[in-house]
Every structure is written in structure tokens, then in C-alpha cells.
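> Mind having a look at this structure? Questions to follow.
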Amino acid sequence: MDDAERVICASEIIKDRLYFVTLKNNVKPKNTANTLYFCVDDTYVYENFFWDFGPLNICHVYQYCQMLEAKLYSKSLARKKIVHYTNSTPQKRLNAAFLVGAYMIMYLKKTPNEAYDILTSGDIPAYIKFRDASNMTPLFEISLMDCLKAIEKAKKYNFVDFTDFNVMEYEYYERVENGDLNWMLPGKFLALCGPHRIAGIVKGYPQHSPESYFDYFRRNNVQNIIRLNCKSYDAKQFTEAGFKHIDMFFPDGSCPNDAIMKQFLQYCETTPHAVAVHCKAGLGRTGSLIGAYIMKHYRFSALEAIAWLRLCRPGSVIGHQQRWMEEKESFLWQEGDKYRSNKNIENPVPHEFGIYSFRQLLLKDRLGTISHQVDNINLNDNETIESDFNDNKTSSSGKANNENAIFTSKTIDSLRSSKTLPMSGKTQGDHLNEIKASRRRHSRSVNIDHGRNQSYGIHTRAKSQPFQNKTMHTNIVAQRKNAANEVNGNKRGTHLAKSNT
Numbered sequence: 001m002d003d004a005e006r007v008i009c010a011s012e013i014i015k016d017r018l019y020f021v022t023l024k025n026n027v028k029p030k031n032t033a034n035t036l037y038f039c040v041d042d043t044y045v046y047e048n049f050f051w052d053f054g055p056l057n058i059c060h061v062y063q064y065c066q067m068l069e070a071k072l073y074s075k076s077l078a079r080k081k082i083v084h085y086t087n088s089t090p091q092k093r094l095n096a097a098f099l100v101g102a103y104m105i106m107y108l109k110k111t112p113n114e115a116y117d118i119l120t121s122g123d124i125p126a127y128i129k130f131r132d133a134s135n136m137t138p139l140f141e142i143s144l145m146d147c148l149k150a151i152e153k154a155k156k157y158n159f160v161d162f163t164d165f166n167v168m169e170y171e172y173y174e175r176v177e178n179g180d181l182n183w184m185l186p187g188k189f190l191a192l193c194g195p196h197r198i199a200g201i202v203k204g205y206p207q208h209s210p211e212s213y214f215d216y217f218r219r220n221n222v223q224n225i226i227r228l229n230c231k232s233y234d235a236k237q238f239t240e241a242g243f244k245h246i247d248m249f250f251p252d253g254s255c256p257n258d259a260i261m262k263q264f265l266q267y268c269e270t271t272p273h274a275v276a277v278h279c280k281a282g283l284g285r286t287g288s289l290i291g292a293y294i295m296k297h298y299r300f301s302a303l304e305a306i307a308w309l310r311l312c313r314p315g316s317v318i319g320h321q322q323r324w325m326e327e328k329e330s331f332l333w334q335e336g337d338k339y340r341s342n343k344n345i346e347n348p349v350p351h352e353f354g355i356y357s358f359r360q361l362l363l364k365d366r367l368g369t370i371s372h373q374v375d376n377i378n379l380n381d382n383e384t385i386e387s388d389f390n391d392n393k394t395s396s397s398g399k400a401n402n403e404n405a406i407f408t409s410k411t412i413d414s415l416r417s418s419k420t421l422p423m424s425g426k427t428q429g430d431h432l433n434e435i436k437a438s439r440r441r442h443s444r445s446v447n448i449d450h451g452r453n454q455s456y457g458i459h460t461r462a463k464s465q466p467f468q469n470k471t472m473h474t475n476i477v478a479q480r481k482n483a484a485n486e487v488n489g490n491k492r493g494t495h496l497a498k499s500n501t
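UniProt numbering numbers the first residue of the sequence shown as 1 and each following residue consecutively.
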């Protein structure tokens, strides 16, 4: 940097080539003939529930790595030093450091300790820790090192493969209106919000019926559904369609007892098919049990498992559920050792395909009819559904009859700032669902601004019209053609992706 007074600290990632720098706030360096500066603080933004601020999800990690690889291998930048800079805001600085650390592990083959040492050696201020998705005192935290170790183990066991990652599928289906689902373990666990008896828009946010998921489940070998919350739909809606459904209820916001944990693990170990797991929001209870499975079968520590879960599905594992996982850690490791010993397995076996794999789908259908491979969730959102909390209804056009049926940022901020849940019969899962649904038309930065009061509209469509994203469809077709060439024995595609930066 020309002006050393603007630099708080710096780390050399690749000698004489790549640097990670923390600058004072509001400093925006200009590129020079020898140096390219870039910042992603406002490019990859964590969507918080309460006071949580990260880590950034696996999709952001992938996009960052592709963007950075493109810069490093660009002919026009070959003679330039590349500087990723962030500001001194602790939350943004931590997320930026995590992206750089993840890149070092995924592409430079650094160990978590090596990556961490590069980011912390010398006169570098300490990093804060990530916290859970609650509005309480941050008693349950995970560190930068926990996240780096999670990335390293995920790479080791091929939970994710950045040469074969369908970023558009992740982005599409994580949206609440498109299903609110995330793969947590390749071919094994799909986490989602709790379905409802009838699909529609209630109080401004979408609810999906079991039927909404049938096509996606069938195409992805999901044959089992585990419900952890109280009934909001009839299990027959799944079983009569050929799926297996099992209830393992325990209260919202609580931890499973030993009997439920054992039942969950045994059931998932004995089925060869993928399992869709949900509670109300698909975060706390769902994440805790999937985390237990990961701890047992892959020897993740509790904090590493939580880090991975949050990379896949932000907000997973809340409050004292983290302590429960830590308390079960040694027991689950012992149980995992016994399980592998009984099956003559020395170490956990890496997955053949990672989450959101193109190649896995192509091996099944060899492209088939590409148009049918865009997995659309069909909803009847224009059906009138009575709210459990008031008499507001949505009309057949999908527009709210009462402005109170639409959430505003003020409503969401009120939910965040409240130290206790309102006396309305709503649980933790209800409020998490409401906040997540508010993102449909209301984007927020990592730092919550309680002064905002923007409302957002309701997305509507005809009753028989499926969700379709033309850009997503076009890109999926292109990526699948590339993947098909690889499957058919052509040259393996480059891991460099086109960058929008």
C-alpha cells in the first residue's frame, strides 16, 4: 500500500502474488500498474436471523474461490499483485478471513493450522467468533479455526467438490419460496422447513405442502421423511405417494433425548436412501440430529459439525443445542469407532460425489431431457388459507387483503430485538420462518439497521405455473453439457469459473 497509515494488518497468502489486508474503514484503494485491489464485503453478504453474522454459506465460498482463481490465472493480471482487502468491522473482517482461509485449504492444499497461522501471525488483531442465530447473549460461539477444520474435513470426505458443484441449484432451492431446502450430507441428508397440509401464502410468506416436494425427492433418491415437530400435515400425504415417514417429536428449541438420538441414528444407518429431515424451521432440531450423525460417522468435533451445518444451511443449531452436541461428542466418537469396527471399516469412507453434484445426476440420466431436469417445485400459492393468528387471507390473485398480512423490516426488527417471544403461541421455529420468509423482497446487510422500515411485496403466479428461472435453466443446461463431456471421458473441465467481478 502506498499509504501505510491506512493499513491495519496484512497477510501474504501466496508469495509476491496474493495478499489479504485489513484497512481502516471507508478506505478504498485504487488499482495501480502493479497491483489489483478487490473487496467482497458487500458482494457476499450473510443474511442474518437475529444477531448472527456468519459464516458465509458454502455457495459464497465456492463463488469466492472461483472468482479468486480467475484473477490469479488471468493473463491480463499475470504480472500484478492481487490484494483482497476488507475493513476493520469485526464481523466483515472475520467473514473475509474465512473466505481466504477456505481458499487456502481447498486450492492451496494448506492445513487448517497452516491457513490460520498465515491469517494470524505477526501483529494482527484477534478475530472475534461467530455466534448462533439468536438474540440472546452470545454464549454459543464457533471460531475461525472451527470453520477451517470443517472445510478441511468436508474436502477430505468429499462432502463438497468445487469442480462439480451446481451453485445455481443451491441458490435456487435455499430460497423460501422455492422450497427452503439444503443438502447437508451428499446423498444422505436433506434439511428443509416443515411442510404444511396445503401449499399457499400465509401472512405474506410461502408454505409448501408435501406434494410440493415429490418430484424433487424422487429425482434425488429421497425416500424417507423424518418429522421432528408437531403435525402440520398428514403423514399419509407422503406415505400414500410411496415415501416412508416417521415421527420423532421433541419440543421446538429443545434437545433430543438419548432415545430419540439413538432412533434417528439407527434409522438413518439402515436406509440406503436419502433422508429428508425437518422440524418447524429446519434449523435447530434438524441440525442437531444431522450433526450427531456427522460426529459419529466422520469424527467431526461438535463445533466442526456445527460449522459445516451452518455452511450448508445458515442458522443451524441454536443456543443450548450446541452444548448438547459438545456433551455428546466423545460418546458419538466411541459409537462411530464401534460401528466401523463391526463393519471392518478402518476410516470413514469419502463420498463418490459431493453435495449439488452435476455428475451424479448425469450418471443417472445421461442428460436425458434437459428441460425436465430443472427441478421446479409446484405450489398452489393462490389458494386461500386461513392464518392461525388472524382472519387475514390472500386473494386468488395472491395479493394480500390487509397490509398487516405483509411483513415489514420493522416487524422483523421487532422480533429480533425482543428478549422474549411474544405471547402469541409462536415458537422459536415460527419466528425463524417468518424472518427467513421476509428475505423474499427485503434484502439486509450483515449489520442490522433497526431504523429501516421497508415493506416488500408478495410474489404471485398462476395456480398451475411452476417456479421457473430462465437464467437458472440456461446456466444449468450449459453446466450440464460441460459435465456430460467429462462423464463421457472428455477432458475434465477447468475449475475456473467466469467471474462477475
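We treat Cβ as the ideally placed atom computed from N, Cα and C, and that holds for glycine.
1) Under DSSP, the alpha helix (DSSP H) around Leu-192 begins and ends at which residues?
2) Decide if Tyr-338 is buried, meaning its Cβ has at least 16 other Cβ atoms within 10 Å, or exposed.
3) Closest to Pro-195 by CA distance: which of Ser-330, Ser-232 and Glu-171 is it?
4) Have a look at the DSSP bridge pairing and note the partners of Arg-131.
5) Among Val-27, Asn-26, Tyr-44 and Leu-18, whose alpha-carbon lies nearest the alpha-carbon of Asn-34?
6) Which first and last residues belong to the beta strand (DSSP E) in which Pro-206 is found?
7) If you draw a straight line from the alpha carbon of Val-83 to that of Ser-209, how long is it in whole angstroms?
8) With a floor of 4 residues, list each alpha helix (DSSP H) that falls wholly inside the segment 70-140, ordered by position along the chain.
9) If you drop the 5 nearest sequence neighbours on each side, which residues of the same chain put their C-beta closer than 8 Å to that of Tyr-44?
10) Should Gly-101 go down as buried or exposed, given a rule of 16 or more other Cβ atoms within 10 Å for buried?
11) Sort Ser-288, Phe-214 and Arg-359 by Cα distance to Asp-164 and report the nearest one.
12) Can you name, in chain order, every residue of its own chain whose Cβ lies under 7 Å from the Cβ of Lys-149, other than the five neighbours on each side?
13) Given Cys-147, which residues of its chain have a CB within under 8 Å of its CB, disregarding the five upstream and five downstream residues?
14) According to DSSP, is Arg-6 part of a helix, a strand, or is it coil?
15) So Trp-183 and Ile-290 are supposed to be a Cβ contact under 8 Å. How far apart are they, rounded?
16) Sort out for me which residues DSSP pairs residue 515 with in a bridge.
17) In chain order, what are the residue ranges of uninterrupted alpha helix (DSSP H) at least 4 long that sit wholly in the segment 226-296?
18) On the criterion of 16 or more Cβ atoms from any shown chain inside 10 Å, does Leu-332 qualify as buried, or is it exposed?
19) Looking at Arg-313: is its Cβ nearer than 8 Å to the Cβ of Leu-283?
20) Between the C-alpha atoms of Ile-58 and Val-222, what's the straight-line distance to the nearest angstrom?
21) Would you tell me roughly how many angstroms separate the C-alpha atoms of Leu-367 and Glu-329, rounded to the nearest one?
22) Compare the C-alpha of Leu-309 against each of Tyr-172, Gly-336, Phe-49 and Ile-151 and name the closest.
23) Using 8 Å as the threshold, is the C-beta distance between Met-104 and Ile-124 below it?
24) What does the alpha-carbon distance come out to for the pair Leu-23 and Ala-70?
25) Which of the three DSSP states, helix, strand or coil, is assigned to Tyr-37?
Working from what's here:
1) Here Leu-192 belongs to no alpha helix (DSSP H); instead the beta strand (DSSP E) covers 189-192.
2) The amino acid at residue 338 is misidentified as Tyr; the sequence shows Lys. With fewer than 16 Cβ atoms within 10 Å of its Cβ, Lys-338 is classed as exposed.
3) Ser-232
4) Glu-141
5) Leu-18
6) 205-207
7) 48 Å
8) As far as the segment 70-140 is concerned, its whole alpha helix (DSSP H) runs of at least 4 residues are 90-107 and 112-120.
9) Apart from sequence neighbours up to five positions away, the residues of its chain that approach Tyr-44 with a beta-carbon distance below 8 Å are Leu-56, His-60, Gln-63, Tyr-64, Asn-95 and Leu-99, ordered along the chain.
10) buried
11) Arg-359
12) The beta carbon of Lys-149 lies closer than 7 Å to those of Pro-112 and Glu-304 in the same chain, with the five residues before and after it left out.
13) The answer, listed in chain order, is Pro-55, Phe-98, Gly-101, Ala-102, Phe-130, Ala-307 and Leu-311.
14) helix
15) Wrong, their Cβ atoms sit about 11 Å apart, outside the cutoff.
16) Because residue 515 is not part of the residues shown, which for the chain are 1 to 501, the question remains open.
17) 236-239 and 258-270
18) buried
19) yes
20) 22 Å
21) Confidence in Leu-367 is poor, its pLDDT being 47 and thus under 50, which makes the residue's placement too unreliable to answer from.
22) Ile-151
23) no
24) 24 Å
25) Reduced to three states, the DSSP call for Tyr-37 is strand.
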